[in-house]
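*Asks:* Pasting a structure below so you can have a look.
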Amino acid sequence: WDCGEPEGAHTTKVGSTFTTCRWPSFTTEGQLNLNLMHSAEEIVSVACIPPATAKEEFRVVSVNRAGYAIVWDVCDVPFAQNLSQVSGTGLGLRIGSRYKLLKSCVVDAGDLAADFRRGGGDIRVTCFSAARDEVTTLAVGTSEGLVYRLNRFGARLKPPLYFSPLKGDESNASLVNGTEHGRGLSVPPVLGLDFLPRDPTQLLCCHLDGTICLYRTSHSFPTKTWVWSSAVLQVKWHPDSPGVFFALDAESNLLRWNVQDAEPITVHALVASAGERGSGV
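What follows is the structure, encoded as C-alpha cells:
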C-alpha cells in the first residue's frame with residue numbers, strides 16, 4: 464500500500480454511504496496466477512532493506528515455507544506508464560498508483576540445504592531476518608533447528624549455516640561433513656531471528672524449547688546461550704542499546720535481556736486473552 468495516495472482514490476459507495484477501503488497499490492497475485500513466481504507456498508514473513516545511499520530505493524524481501532527468498536526492488540512508475548503495464552512485473556499495479564515491485568533476485572535455501580543433508584527431504588522455513596547495514600546477507604530459520612545464511616546474489620558464504628547447541632558435538636560435526644542428517648535427534652524449530660542493527664556480524668536466534676542463542680556470523684556455533692522456561696516466539700535487539708534485546712514467550716511475557724546477564728532484566732506480563740496468547744508480536 465502507498466499510504467500517500469489520496470483517500471478519494473479509494474472511496475467506495477456501499478448503499479447510501481461512502482466508505483474508504485484502501486486497495487493495494489501493487490500485488491504479486493497476477494504473477495502468481497501466470498506461474499511467474501517461485502513455488503506457490505505460504506509466505507513466512509517480509510522485511511524491508513533500507514537503501515544504502517540516498518539515491519537508491521528501498522527493497523523488500525519475502526521468504527516462503529519452501530525456502531525461496533525473493534528480493535524485490537520498489538520502483539516508482541510515472542503515471543503515464545502505469546496505464547500500459549499488461550505483462551510481467553507490471554501485473555498487479557493499480558491504475559493511478561506509482562509504486563510496484565520488481566523481482567531483483569531469488570535465493571533458494573533448499574539448494575544450500577541439499578549440500579549439508581542426505582535424503583532429508585524439503586526444508587520448512589519458519590522465520591528469517593535481513594541484515595540492515597549489510598544488504599546482501601539473509602538468515603533463514605527452519606523447522607529442523609538449523610539457521611541457513613544466504614547471499615542474495617547466490618554466493619556461498621562461510622559458514623553457510625548455524626547449529627543449535629542442543630545437538631552433540633558428534634552430530635554437528637557429521638552435519639558439517641555432509642555425511643548425516645541427524646535422524647532420530649529432536650532439535651526444536653527456530654522461531655525468531657534478528658541481526659544487530661549496527662553490527663550485522665551479531666545474530667540472535669530463539670527456539671521452540673526456550674533456548675536463545677547469540678551467534679557471531681563467522682562461527683557456526685553460538686557464542687552465548689540462554690534458556691527460558693517456555694517457548695520463545697520472537698527476539699528483537701533494542702534499536703539504541705547494542706547489548707540489550709527483547710524476547711516474547713508463549714506465555715505472553717515480554718522479557719528484557721542484557722547479553723552480559725544470565726537472567727532477564729525485567730519480565731513484563733502482557734495483557735492478552737487466551738485466544739491471543741502465543742500468537743506473536
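Numbering-wise (the numbering used here), the sequence shown opens with residue 464 and increments by one. Glycine residues also receive a C-beta, built at the ideal position from the N, C-alpha and C atoms. Source: prediction; values computed, not measured.
(1) Look at the alpha carbon of residue 478 and the alpha carbon of residue 533, and state the distance between them as a whole number of angstroms.
(2) On the DSSP bridge list, what partners appear for residue 653?
(3) By how many angstroms is the C-alpha of residue 527 removed from the C-alpha of residue 505?
(4) What residue range is occupied by the uninterrupted beta strand (DSSP E) comprising residue 480?
(5) Below 8 Å CB to CB, which residues in the same chain sit around residue 521 once its five sequence neighbours on both sides are set aside?
(6) Determine the DSSP secondary structure at residue 473, reduced to helix, strand or coil.
(7) Do residue 688 and residue 669 have their CB atoms nearer than 8 Å?
(8) Measuring alpha carbon to alpha carbon, tell me which of 575, 472, 591 ends up nearest residue 619.
(9) For the putative contact between residue 599 and residue 615, defined by C-beta atoms under 8 Å, what is the C-beta separation to the nearest angstrom?
(10) Relative to the C-alpha of residue 691, which candidate in 727, 681, 657 has its C-alpha closest?
(11) To the nearest angstrom, how far is it from the Cα of residue 535 to the Cα of residue 658?
(12) To the nearest whole angstrom, what separates the beta carbons of residue 555 and residue 489, a pair I think is in contact under 8 Å?
(13) According to the Cβ coordinates, are residue 696 and residue 656 closer than 8 Å?
(14) CA-CA distance, residue 540 and residue 472?
(15) Once DSSP output is grouped into helix, strand and coil, what is the label at residue 712?
(16) So what does DSSP say about residue 731, is it helix, strand or coil?
(17) Indicate the three-state DSSP secondary structure (helix, strand or coil) for residue 465 in the structure shown.
(18) Does the beta-carbon of residue 486 have 16 or more other beta-carbons within 10 angstroms, so that it is buried, or is it exposed?
(19) Taking a contact to mean a Cβ-Cβ separation below 8 Å, would you say residue 707 touches residue 718 in this structure?
(20) Would you mind sorting residue 475 into buried or exposed? The rule is 16 or more other CB atoms within 10 Å of its CB.
(21) In whole angstroms, what is the alpha-carbon distance linking residue 683 and residue 621?
(22) With DSSP collapsed to three states, give me the class of residue 559.
(23) Got a sec? Which residues, its chain only, sit under 6 Å from residue 625 by beta carbon, not counting five neighbours each side?
(24) For the beta strand (DSSP E) that contains residue 621, what are its first and last residues?
(25) Below 6 Å CB to CB, which residues in the same chain sit around residue 570 once its five sequence neighbours on both sides are set aside?
*Replies:* If we stick to the structure as given:
(1) So the two alpha carbons sit approximately 41 Å from each other.
(2) 670
(3) 5 Å
(4) 480–483
(5) 511, 512, 513, 514, 537
(6) helix
(7) no
(8) 575
(9) 5 Å
(10) Nearest C-alpha to residue 691 among 727, 681, 657: 727.
(11) Roughly 20 Å separates the two Cα atoms.
(12) 5 Å
(13) Judged by their CB atoms, residue 696 and residue 656 are not nearer to each other than the 8 Å cut-off.
(14) Going by the C-alpha atoms only, they are around 17 Å apart.
(15) strand
(16) In the structure shown, residue 731 sits in a strand (DSSP, three-state: E or B).
(17) coil
(18) Only exposed fits residue 486, as fewer than 16 other CB atoms lie within 10 angstroms of its CB.
(19) no
(20) Residue 475 counts as exposed, since fewer than 16 other beta carbons sit within 10 angstroms of its beta carbon.
(21) C-alpha separation (whole angstroms): 9 Å.
(22) coil
(23) 610, 678, 683
(24) Per DSSP, residue 621 belongs to no beta strand (DSSP E) and is neither H nor E.
(25) 532, 613, 615
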